[in-house]
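Q: My numbering puts the first residue of the sequence shown at 7, with every later residue one more than the last.
A virtual CB, placed ideally from N, CA and C, is assigned to each residue, including glycine.
The structure follows.
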Amino acid sequence: MGESLGLLRRNILLVVAMFSARIAEAEPRAAHPALSYRAPSHCPSAEAFARQVGARTAVWARGSSGTSVRVEIERAGEALTGRMTLVRDGRVTDREVHAEHCPDVVAALALIVAILLDPDADTRPLLQVAPAPPGPAVPGPAAPLPARPAPVATAPPAHRWVLAGGVELALESAAAQNLVIGPRWFAGFSRGPRGAWPSSFRFSASSLQSAERLDGVVASAFQLRSLRADVCAVELQRANLKLEPCAFLEAGRLVAIARGPSGSDARNVDWLAGGGFLRGSWTNFDVLVLQAELGAVLPLRRYVFRFDEEHVIHETPILGMSAGFGVGVCFP
Numbered sequence: 007m008g009e010s011l012g013l014l015r016r017n018i019l020l021v022v023a024m025f026s027a028r029i030a031e032a033e034p035r036a037a038h039p040a041l042s043y044r045a046p047s048h049c050p051s052a053e054a055f056a057r058q059v060g061a062r063t064a065v066w067a068r069g070s071s072g073t074s075v076r077v078e079i080e081r082a083g084e085a086l087t088g089r090m091t092l093v094r095d096g097r098v099t100d101r102e103v104h105a106e107h108c109p110d111v112v113a114a115l116a117l118i119v120a121i122l123l124d125p126d127a128d129t130r131p132l133l134q135v136a137p138a139p140p141g142p143a144v145p146g147p148a149a150p151l152p153a154r155p156a157p158v159a160t161a162p163p164a165h166r167w168v169l170a171g172g173v174e175l176a177l178e179s180a181a182a183q184n185l186v187i188g189p190r191w192f193a194g195f196s197r198g199p200r201g202a203w204p205s206s207f208r209f210s211a212s213s214l215q216s217a218e219r220l221d222g223v224v225a226s227a228f229q230l231r232s233l234r235a236d237v238c239a240v241e242l243q244r245a246n247l248k249l250e251p252c253a254f255l256e257a258g259r260l261v262a263i264a265r266g267p268s269g270s271d272a273r274n275v276d277w278l279a280g281g282g283f284l285r286g287s288w289t290n291f292d293v294l295v296l297q298a299e300l301g302a303v304l305p306l307r308r309y310v311f312r313f314d315e316e317h318v319i320h321e322t323p324i325l326g327m328s329a330g331f332g333v334g335v336c337f338p
């Protein structure tokens, strides 16, 4: 009788073990991106970091074969330094934060990862963030709020304004009989990804001049010094490339100089023009910007420049062309 009871108990334990193994195999696993995490022993764990990211965006739970995250936290003097590297579809993004307490560093890095993966991620303190919707691939509940609120300022919002400045080689055809060419220095602001209207605006100063032109016995040249303000309505962006339709208003002084057998003459007049253009730009390392633009110039004041009754040097057209090729630097 005792041997029969022992055999029965062993069979029951075997069935329970097989059933538990089946349940473990059927249990869904989190599908978040590949995570490499290294931090001091007193810091929150890798699982706590993943829960904080998953609480802010469901994109983390869906995962991606082309996405990986590396987090390294180390002590630097009396503070802690956290470094994060996100690789997504071949593009590498690095960020660094500093704080006195490790939970603050982890919370800041988790917030940055969430925004980089999803510009619409929830940026509120964790106690105000609603848990991610349930599903087979969603991680567990959000981690509790750390002792201090996450330093949101370390992660720029999706619609931030970014300061940019630089110089371009500008060309314009309406002011003179030949193209006026020269440098145009600019500074302004542009919005980050998915910015609303307007996408950017800037101010610039230029000093353009034309090559000397010989018309019979009369030689002439033009110089245009102007200030310009332009605003771009929206941006069409794909990866690091961006295209913006823009409008501008330009004001300054136009100098026409002519010389001939009977002497020389110079005329200095006001210049006022408007117009529109398309600007394309390419951003690299989140700092360096290369750009090109092409558009039309509408002179709002038109002139006829004469050396004498027989020689018309230039007559301002109704419409002209403008172009520019430049390089700039962003200050996020």
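1) Under the three-state reduction of DSSP, which class applies to Gly146: helix, strand or coil?
2) Where in the stretch 216-281 do unbroken runs of the beta strand (DSSP E), each at least 3 residues long, occur, reported from the N-terminal end onward?
3) Here's the rule: buried if 16 or more other CB atoms are within 10 angstroms of the residue's CB, otherwise exposed. What is Phe337?
4) Work out the CA separation of Gly326 and Val303 for me, nearest whole Å.
5) Since Glu239 and Ser205 are thought to touch, with beta carbons under 8 Å apart, how far apart are those beta carbons, to the nearest angstrom?
6) Using the Cα positions of Leu310 and Leu260, report the straight-line distance between them to the nearest angstrom.
7) Three-state secondary structure (DSSP) at Val98?
8) Establish whether the CB of Pro305 and some CB of chain E are separated by less than 9 Å.
9) Going by DSSP, what residues sit across from Ala170 in a beta bridge?
10) Is it a yes or a no for the stretch 230-246 touching the stretch 179-197, going by three-plus beta-carbon pairs under 8 Å?
11) For Gly72, which of Arg89, Val93, Leu296 and Gly88 has the nearest alpha-carbon?
12) For Ser216, collect the residues of the same chain with a Cβ closer than 6 Å to its Cβ; drop the 5 residues on either side in sequence, then sort them by chain order.
13) Which of the three DSSP states is assigned to Ala181 in this structure?
14) What number of angstroms, rounded off, separates the C-alpha of Ala211 from the C-alpha of Glu218?
A: On the basis of the supplied data:
1) For Gly146, the pLDDT reaches just 45, beneath the cut-off of 50, and the residue's location in the model is therefore unreliable, although a value from the coordinates is still provided. Under the three-state reduction of DSSP output, Gly146 falls in the coil class, being neither helix nor strand.
2) Counting only runs of 3 or more, we get 219-221, 224-238, 242-244 and 247-266.
3) Around the beta-carbon of Phe337, fewer than 16 other beta-carbon atoms lie within 10 Å, marking it exposed.
4) Approximately 5 Å between the Cα atoms of the pair.
5) The sequence given here has Ala at residue 239, not Glu. Ala239 to Ser205, Cβ: 7 Å. Contact.
6) It should be pointed out that residue 310 corresponds to Val in this sequence rather than to Leu. So the two alpha carbons sit approximately 12 Å from each other.
7) Reduced to three states, the DSSP call for Val98 is strand.
8) The structure shown contains no chain E; it holds only a single protein chain.
9) Beta-bridge pairing links Ala170 to Gly194 and Cys336.
10) Yes: the two stretches touch, three or more of their Cβ pairs being nearer than 8 Å.
11) Of the candidates Arg89, Val93, Leu296 and Gly88, the residue whose Cα lies closest to the Cα of Gly72 is Val93.
12) Annotation for Ser216: Ala182, Asn184, Val186, Ala227 and Phe228 place their beta carbon closer than 6 Å to its own, counting only its chain and skipping 5 residues before and after.
13) Under the three-state reduction of DSSP output, Ala181 falls in the coil class, being neither helix nor strand.
14) Cα to Cα, Ala211 sits roughly 23 Å from Glu218.
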